[in-house]
Amino acid sequence: MAAKKAKRAAAKKPAAPAVRKPNGAGQDLQREVEQLLFRQAEALDEKRWQEFIELFTADGMYWMPPAPHYTTWDGMPAIFAEDRDLMTVRMKRVTHPHAWSQAPEWGTNHVVSNVVVESVDPRSGDVHVRSRFHMVELRRDELRHFAGSYRHHLKRTKDGFRIKLQRVDMMNSQAPYEYVLQAWV
Amino acid sequence: MLHERIPNLKALVEPDRVHRLCYTDPDIFELELANIFEKCWIYAGHESQVKKPGDFWTFQIGRQPMAMIRGHGGKLHVLYNRCPHRGTQIFGARYGNAGDALTCSYHSWRYHYDGTIESVPLARGYEGTTFASYDCNMQRAPRVESYRGFVFASLAESGLSLVEWLGPAKVAFDDICDRSPEGEVEVVMNCYRVIQRSNWKFFMENQLDAVHPSVTHESTGRAAADVEFQIQRRTGEKPLHYHMLSAFVIPFEKWDSLETFGYPYGHTILGGYMGLRPQDPDTLEYERILAKAYGEQRKDEYLSRNIHHTLVYPCLSVQSPLQQLRAIRPIAPDRTLSEIWHFRLKGVPEPIYRRSLWYYNLVNSPATLVNADDLENWQKGQWGLASRGGDWVSFHRDYGRDRIEGGVMKSSSGCSEMPMRAQFRAWLEYMTGGS
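Listed below in structure tokens is the structure:
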């Protein structure tokens, strides 16, 4: 009986991630992934928009669902659901001399942390990563705080990792926005 | 009493200019809530938001926290969100299902879905008191009516019916629903909410202001036109949602050719300009479905209604061709909540829904590529009007050239400031008790 019970308990345990490498190799991957996330946050904070866009694969998507229970952006309301073309519209808009909402002082400061490599596909090398962010935005004389989580689906390319899909869940996704979001979070 | 603190309102609203106090004065704002919002028909929500008995959705009418709830037997009720016992709000969540009864979290007084009292615990303490004559029922909005699934409530005991009050502006809801072969829409269960740091009237005026798009939205219009061109070169096609953005920078002459209408009670309409009737296979298939449901003639009639915005004064902006609606809830003279909804046409192919979804996401989401600049303008407008740098707001453009027929104002040009004049005509009537 006890053996049966143990077997049942084992069956209930969530499946182990596809590959959990021993610490040595894991640290390299962990570091590589973190560097990409940190670089992306820096691109936003330093308004290097083109560099931000180029961190995505040619078919990459930046997605911010309006609530945590959403499972796809396709055909759904989305605060952001932007491919590289729409990201380019946003970049050209915020850098246009008549982007009136950009006249006041405006900028962000991101901290990205709690980076967990969730899975590695042994064949394609695709990596799924989750992390948390805290972002402070200055607009005119006021600070706004945003926090939430990222999920990155990364593709390995000859230039290193590129983002196939970034999902951004805001803590306040369902709360009223005081003003709006002008750039990616 | 409020009236006595407010200078002569009639002196603040001239036919072609309006005093800045109308946007900034706290007493005038309170009077607006009392005389306009708490007397007019105010949008509660769509019937499909509350499908099952006990489903509720909370919202605000003026200063009053309300809830729309589906009763047993399907009837809709709009209740004040207040327990008759000690005042605690009954609905703690913004929306949801009330369970087997509305139950107060403080002392467990329980109510039926229509607000009538079901039970009070510890009934024995009331002998010998006047409790028997105390009204233990939750207060209801005196009037609730719906038109084609869109529910409105009024806190006034009597007055015009919803349809009488809407008048020609009811076309907003006809134009949404008639685009479905079933004549109905269903809400998309997501409400974007954005705070505007400006008086509610900035929003209402902006919706029919045909001069502002190519100025305010130049950056987005140009950026979208650039990328639209690149995509066309790359793929040979221009996605319609880029056109929704690039159309903001059409020349003034084109804006000027649009029609605007000002109806009684402040409702106003701006004609369409985006040409949302393309001839791609999806649209043609959709038109076939509509023709089958309604016949060729009515289909053409339904699809050629040329409307961009209908404003249902004082709280709704309806974009019927895109099945979108924005309701505003004033919070303070310089603070307004907007609630932004999208609707799905019943019985219509998925690509038609997805087309309007682009507009919901790109223009109306909290990461809007468009309204970022509107909200910035209105905030700066609010600050400007709070200053002593001038007392008046000008609505002179094309004044004297409006055609007025049977109480309906028609502008001589799309860029006319007639819609603002029409809104203030209604505003003054409401505020001074004229209607």
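Read top to bottom, the protein sequences are chains A and B. Note that our numbering has the first sequence beginning at 1, numbered continuously upward. Note that our numbering has the second sequence beginning at 1001, numbered continuously upward. We treat Cβ as the ideally placed atom computed from N, Cα and C, and that holds for glycine.
Suppose contacts are defined by Cβ-Cβ distances below 7 Å. Is residue i in contact with residue j by that definition?
i	j	result
B:Lys1051	B:Glu1182	no
B:Cys1104	B:Ile1117	no
B:Asp1334	A:Ser101	no
A:His98	B:Glu1145	no
B:Trp1200	B:Pro1330	yes
B:Glu1228	B:Ser1214	no
B:Ala1011	B:Phe1056	no
B:Tyr1286	B:Asp1178	no
B:Asn1190	A:Pro122	no
B:Thr1220	B:Val1370	yes
B:Gly1074	B:Leu1033	no
B:Tyr965	B:Cys1315	The requested residue 965 of chain B does not occur in the structure, where chain B is confined to residues 1001 to 1435.
B:Asp1016	B:Tyr1430	no
B:Leu1385	B:Thr1130	no
B:Val1185	B:His1342	no
B:Ala1067	B:Leu1079	yes
B:Arg1110	B:Ala1101	yes
B:Leu1337	B:Leu1270	no
B:Tyr1263	B:Gly1167	yes
A:Val115	A:Glu34	yes
B:Ala1210	B:Gly1414	yes
A:Arg196	A:Ser113	This structure cannot speak to residue 196 of chain A, because chain A is shown only from 1 to 185.
A:Lys164	A:Gly60	yes
My understanding is that residue i touches residue j, with C-beta atoms under 8 Å, so please give their C-beta distance in whole angstroms.
i	j	result
B:Tyr1359	A:Pro66	With 8 Å as the limit, B:Tyr1359 and A:Pro66 do not qualify as a contact, their Cβ atoms being about 15 Å apart.
B:Arg1401	B:Ser1412	4 Å
A:Pro68	A:Asp169	6 Å
B:Gly1045	B:Val1163	About 18 Å; that fails the 8 Å criterion.
B:Arg1397	B:Ser1416	6 Å
B:Arg1197	B:Gln1379	5 Å
A:Thr95	A:Trp49	7 Å
B:Ala1172	B:Thr1310	4 Å
B:Asp1175	B:Pro1321	7 Å
Using a cut-off of 7 Å between C-beta atoms, extract the partners of residue i located in chain B.
i	result
A:Phe80	Ala1367
A:Trp49	Residues of chain B passing the Cβ test: none, with the nearest at roughly 12 Å.
A:Ala58	Residues of chain B passing the Cβ test: none, with the nearest at roughly 12 Å.
A:Pro68	Ordered by position in chain B, no residue passes the 7 Å Cβ test against A:Pro68, which lies about 13 Å from the chain.
A:Arg93	Ser1219, Thr1220, Ala1223, Leu1369
A:His110	Near A:His110 there are no residues of chain B at all, since even the closest Cβ is about 16 Å away, more than 7 Å.
A:His145	Residues of chain B passing the Cβ test: none, with the nearest at roughly 15 Å.
Note down, in chain order, every chain A residue with its Cβ under 9 Å from the Cβ of residue i.
i	result
B:Ile1231	Asp85
B:Val1188	Met76, Pro77
B:Glu1030	The premise fails here: B:Glu1030 is roughly 22 Å from chain A at the closest Cβ pair, so nothing lies under 9 Å.
B:Glu1350	Gly75
B:Val1227	Asp85, Leu86, Thr88, Val89, Lys92
B:Leu1337	Pro176
Determine the chain B residues that contact residue i at a beta-carbon separation under 8 Å, and present them in chain order.
i	result
A:Gly148	In chain order: nothing, as chain B lies at least about 13 Å away.
A:Met64	Ala1367
A:Trp100	Thr1216, Ser1219, Asp1373, Glu1376, Asn1377
Just reading off the alpha helix (DSSP H) that residue i is part of, what are its end residues?
i	result
B:Ile1028	1026-1032
B:Lys1010	1009-1012
B:Val1363	1350-1364
B:Ala1332	Element bounds for B:Ala1332: not the alpha helix (DSSP H) but the beta strand (DSSP E), 1324-1332.
A:Ala41	23-45
B:Met1244	1240-1246
B:Gly1115	No alpha helix (DSSP H) contains B:Gly1115, which DSSP labels as neither H nor E.
B:Val1227	1218-1235
B:Lys1410	Unbroken run through B:Lys1410 is the beta strand (DSSP E), 1408-1410; no alpha helix (DSSP H).
Applying a beta-carbon distance threshold of less than 9 Å, which residues of chain B neighbour residue i?
i	result
A:Val180	Val1194, Ser1365, Pro1366, Ala1367, Thr1368, Asn1371, Ala1372, Leu1375
A:Val168	None at all; the shortest Cβ gap to chain B is about 10 Å.
A:His96	Glu1218, Ser1219, Thr1220, Arg1222, Ala1223
Could you pull the start and end residues of the beta strand (DSSP E) that residue i belongs to?
i	result
B:Asn1097	1095-1097
B:Tyr1265	Taken as a continuous stretch (DSSP letters only), B:Tyr1265 belongs to no beta strand (DSSP E), as it is neither H nor E.
B:Tyr1080	1076-1080
B:Ala1044	1041-1046
B:His1107	No beta strand (DSSP E) contains B:His1107, which DSSP labels as neither H nor E.
B:Ile1307	1307-1312
B:Phe1203	No beta strand (DSSP E) contains B:Phe1203, which is instead part of the alpha helix (DSSP H) from 1200-1206.
Which residues in chain A sit within 7 Å of residue i, going by Cβ to Cβ distance?
i	result
B:Tyr1360	Pro77
B:Ala1224	Val89
B:Arg1354	Gly75
Please list, in chain order, the chain A residues whose beta carbon lies closer than 8 Å to that of residue i.
i	result
B:His1342	Pro77
B:Val1318	Result: empty, since nearest Cβ-Cβ is about 18 Å, beyond 8 Å.
B:Leu1270	Those do not exist, as B:Leu1270 stays about 22 Å from chain A at its closest Cβ, beyond 8 Å.
What are the start and end residues of each continuous alpha helix (DSSP H) run of 4 or more residues lying completely inside the segment 1144-1193 of chain B, in chain order?
-> Counting whole runs of 4 or more residues, the segment 1144-1193 of chain B contains the alpha helix (DSSP H) stretches 1162-1166, 1171-1177.
Identify every run of the alpha helix (DSSP H) within the segment 74-154 of chain A, keeping only runs that are complete inside it and at least 4 residues long; order them along the chain.
-> 84-94
Every unbroken beta strand (DSSP E) within the segment 1386-1420 of chain B, with a cutoff of 3 residues, ordered by chain = 1392-1394, 1403-1405, 1408-1410
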